[in-house]
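A.B. asks: Supplied in structure tokens, the structure appears directly below.
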Amino acid sequence: MTCDETVELIQNKSFLLTIFAQLLILFMAMLYLYIFNSFLVIALQTTHLIQYFTFDPCHIGLSPILCYSLRYPIASCMVSFVALHVSMVVERGVALWKRRYYETYGPRFAKVAIVVSIVISCLAVLMVTRGITQTLPTSYCILNGIATPQSVMILKLIICAVDVLTLMAIAVLFILNKILVKRKTFDLQSSYQLLENSTLIRIISPLATFQTLFYISFSVSGAVVSLLHQEMDTVTYVSLTSATYSIPFYTMLSPILMWLTIGWSQQLNETKLRRLTKPTLNENEAYFQSYKEMWGKPRAAR
């Protein structure tokens with residue numbers, strides 16, 4: 208394959224699509240969940256505000272069914288964010304393992320991962336809430352109102368543990384990928400898959416780190432409020448629970464971080480492509496330099 212053919216391969220949209228397709232589908236699923244979660248939170252908080260400003264305070268309250276119908280999917284989205292990050296790491300692990308034939312899988316893996324992640328998240332929240340247990344209208348609908356504070360605290364701690372394990376898995380994937388890139392290989396498909404895998408792991412890492420830090424701060428503050436639940440009056444407890452609910456800020460900032468990270472990655476790829484296509488005085492040097500970048504660095508001479 209000549210240098211021009213290599214450049215043509217890199218610029219081939221269908222070839223790049225097979226590499227990015229799986230992760231792109233997972234990113235889009237997470238983005239749609241961000242939007243869905245935001246709409247639910249807006250609907251819930253708007254309903255509360257309308258009641259507070261227009262109804263008699265003694266007759267304010269959401270019905271148990273309406274409260275559960277809004278809080279259950281909101282909590283499920285929160286767990287799904289974690290599950291989808293796990294799916295991204297698993298997807299990159301499979302891409303690293305089956306790098307020679309990974310494009311033959313198509314979008315099936317990502318679609319299955321999305322369904323499994325959402326189903327597991329919904330079941331986890333269902334186990335915590337155990338259905339509609341409230342019998343009276345509530346003046347402020349919170350997750351702790353449709354589940355016991357202890358169950359909510361356990362769910363938050365499990366989410367944080369999964370986030371930390373996901374970060375560790377990303378670090379392991381990055382190290383393994385870096386080791387494999389340094390190995391000499393004559394399979395252009397595998398070599399380019401490894402190089403692009405490094406780029407995609409760099410995209411996942413900031414998002415996973417941000418989510419882990421945000422969820423830890425959110426869970427710790429919520430756990431403290433839950434532990435002190437018995438020592439607080441109802442007004443103080445509800446006020447603190449509302450004040451520590453920072454997930455709306457997470458759903459607002461995460462898409463921005465995702466956009467910035469993908470833009471930064473695209474700039475790196477464009478810089479790499481310009482360097483690859485930059486004319487040189489020595490055509491043979493450009494030819495072999497292109498192959499070196501695609502195949503990885505050769506082993507050191509003994």
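Basically the numbering used here = 1-based index in the sequence shown + 207. Just so it is clear, CB atoms sit at the ideal spot from N, CA and C, and this is done for glycine as well. It should be emphasised that the depicted structure is a prediction, and the values quoted were computed from it without experimental measurement.
For S453, which residues of its own chain have a beta-carbon under 6 Å away from its beta-carbon, when the five flanking residues on both sides are left out?
C.D. replies: F425
A.B. asks: Throw me the rounded Cβ distance for the F316 and V301 pair, which I believe falls under 8 Å.
C.D. replies: The Cβ separation is near 7 Å, so the contact holds.
A.B. asks: Are the beta-carbon atoms belonging to I327 and L233 less than 8 Å from one another?
C.D. replies: Their beta carbons are not under 8 Å apart, which means I327 does not touch L233 by this criterion.
A.B. asks: Compare the C-alpha of A450 against each of I377, L460, G429 and name the closest.
C.D. replies: G429
A.B. asks: Should L389 be labelled buried (16 or more other beta-carbon atoms within 10 Å of its own) or exposed?
C.D. replies: The question names Leu, but residue 389 in the sequence shown is Lys. Exposed, by the Cβ-count rule.
A.B. asks: Roughly how many whole angstroms lie between the Cα atoms of M465 and T416?
C.D. replies: 12 Å
A.B. asks: Enumerated in chain order, which unbroken segments of the alpha helix (DSSP H) with a length of 4 residues or greater are wholly contained in the region 373-458?
C.D. replies: 395-434, 441-450
A.B. asks: What span of residues does the alpha helix (DSSP H) with C329 cover, start to end?
C.D. replies: 315-336 is the extent of the alpha helix (DSSP H) around C329.
A.B. asks: Compute the Euclidean distance between the alpha carbons of T468 and I257, then round it to the nearest angstrom.
C.D. replies: 38 Å
A.B. asks: Under a Cβ-count criterion, where at least 16 other Cβ atoms within 10 Å of its own Cβ denotes burial, should M285 be classed as buried or exposed?
C.D. replies: The Cβ neighbour count for M285, taken over all protein chains shown within 10 Å, is at least 16; the residue is labelled buried.
A.B. asks: Under a three-way DSSP split, which group does T254 fall into?
C.D. replies: DSSP, reduced to helix, strand and coil, places T254 within a helical segment of the structure shown.
A.B. asks: For L269, which residues does DSSP report across the bridge?
C.D. replies: According to DSSP, L269 shares a beta bridge with T345.
A.B. asks: In whole angstroms, what is the alpha-carbon distance linking H255 and I249?
C.D. replies: 10 Å
A.B. asks: Using only the alpha-carbon positions, how far apart do W304 and T336 sit?
C.D. replies: 38 Å
A.B. asks: Kindly list the residues whose CB is nearer than 6 Å to the CB of A331, restricted to its own chain and excluding five residues on each side of it in sequence; keep chain order.
C.D. replies: Cβ-Cβ distances below 6 Å link A331 to V286 in the same chain, with the five nearest sequence neighbours on each side left out; the list follows chain order.
A.B. asks: Given this structure, state the Cα-to-Cα distance separating D370 from A378, to the nearest angstrom.
C.D. replies: 13 Å
A.B. asks: For G268 versus T345, is the C-beta distance shorter than 8 Å?
C.D. replies: The answer is yes: Cβ separation under 8 Å.
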